[in-house]
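Data block below; observations after.
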Amino acid sequence: DDSENVNEAAYWSAPRQHLTTTPEVHHESEVYTSHNHGETPPPTPPEDKEDRNKFECLYLLVEAAVAVRQQEREREALISL
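Residue numbers for the sequence shown follow the working numbering, so the first one is -9 and each next one is one higher.
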């Protein structure tokens, strides 16, 4: 049971480089901001590093989901042309 806890801890504390934010994602989000008048802006990241660490997994999931959604919008735009 302890070995499972150690493996799980190692998994969650390991760096997740495949989900790091890229400049392209930031650029795409800038492109889409002017088109999303009806949507609320994303919340600002917490100032406190401890709070950021607590919710790091959620932030990574949100970043990945936003990137995927933007790619879907780009594909839809290309198809409609």
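Think of the CB as a built atom: it goes at the ideal place given N, C-alpha and C, for glycine as much as any other residue. As the structure is a computational prediction, the values presented were derived from the model and not from experiment.
Consult DSSP for residue i and reduce its assignment to one of helix, strand or coil.
i, result
"ASP41", "helix"
"LEU68", "helix"
Cβ-heavy atom distance between residue i and the ligand HEM below 7 Å?
i, result
"ARG65", "Ligands are entirely absent from the displayed structure, and the ligand HEM is therefore not among its contents."
Classify residue i as buried or exposed, calling it buried when 16 or more other Cβ atoms lie within 10 Å of its own Cβ.
i, result
"LEU51", "exposed"
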